[in-house]
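Reading through the structure tokens given below for one structure.
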Amino acid sequence: MFTIGILSDTHLQAADSYFKKICRQRLGGCDAIVHAGDLIDISVLDVFCEKEVYAVHGNSCNARTRAILPERRVFEILGYTIALCHGTGPRHNIEDRVFSMFPDADCIVYGHSHQAACNRYGSCLLVNPGSFQATSRYGHPGSYALLRIDGTGLHSSLHSLAED
0 MFTIGILSDT HLQAADSYFK KICRQRLGGC DAIVHAGDLI DISVLDVFCE KEVYAVHGNS
60 CNARTRAILP ERRVFEILGY TIALCHGTGP RHNIEDRVFS MFPDADCIVY GHSHQAACNR
120 YGSCLLVNPG SFQATSRYGH PGSYALLRID GTGLHSSLHS LAED
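In numbering that gives the first Met the number 0, the protein residues as written are 0 to 163.
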């Protein structure tokens, strides 16, 4: 089994001690990391220096991060096509908008709305990990997602940072 840790909307200028600790605890066993944007500064990804990292910039990222990270990314892991974007516009219908960008993907990872969700559009799995903060700006508890790839396909799960 291959496990991908998925996070988004960290909104950090730098990785603080809480972020480092929670990443070790919750994502340390993952084989790869996907960040769906709004890191603010790309240095936040240094926490994952020993892992394969796939990331995009979001609407709140600084100029340096926007210059380094793409707006959209498509990659393959174990034969599955995974598309990655931050997302734009209002939270309403965001899944329709991101699906229209990548209709042939097996899985689409997106952020922006700060609302965790795992849904299927036909055979495509859409995953929004929510905001990886203690509490998001919309009042939701911080969250992340895990994507597991095994012999039976893609399986996602959502997790709250409030979990013990």
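The beta carbon of each residue, even a glycine, is placed where N, CA and C say it ideally should be.
Of the residues the options, the one placed nearest residue i, counting alpha carbons only
i    : options                  : result
N61  : E75, V97 and S42         : S42
A104 : F18, G121 and I67        : G121
G110 : G4, S130, G150 and D15   : S130
S112 : T151, A31, G141 and A161 : G141
I32  : V46, R25, E51 and A14    : E51
Opposing strand residues paired with residue i [DSSP bridges]
i    : result
G4   : I32 and L145
C106 : I81 and L124
L68  : Beta-bridge pairing links L68 to no other residue.
H154 : R147
V52  : I32
Same chain only: Cβ atoms within 8 Å of residue i, ignoring 5 sequence neighbours per side
i   : result
E70 : V55, H56, C84 and H85
L11 : F18, L38, I39, D40 and V43
N58 : G36, D37, H85, T87 and H111
C29 : T2, I3, G4, K50 and L145
Contacting residues, own chain, Cβ-Cβ under 6 Å from residue i (five flanking each side not counted)
i    : result
H154 : R147
C22  : V46
Cβ-based burial, residue i [other Cβ within 10 Å; buried from 16]
i    : result
N127 : buried
C48  : exposed
D163 : For D163, the pLDDT reaches just 46, beneath the cut-off of 50, and the residue's location in the model is therefore unreliable, leaving the point undetermined.
H240 : Shown here, the chain extends from 0 to 163; a query on residue 240 therefore has no answer.
D149 : exposed
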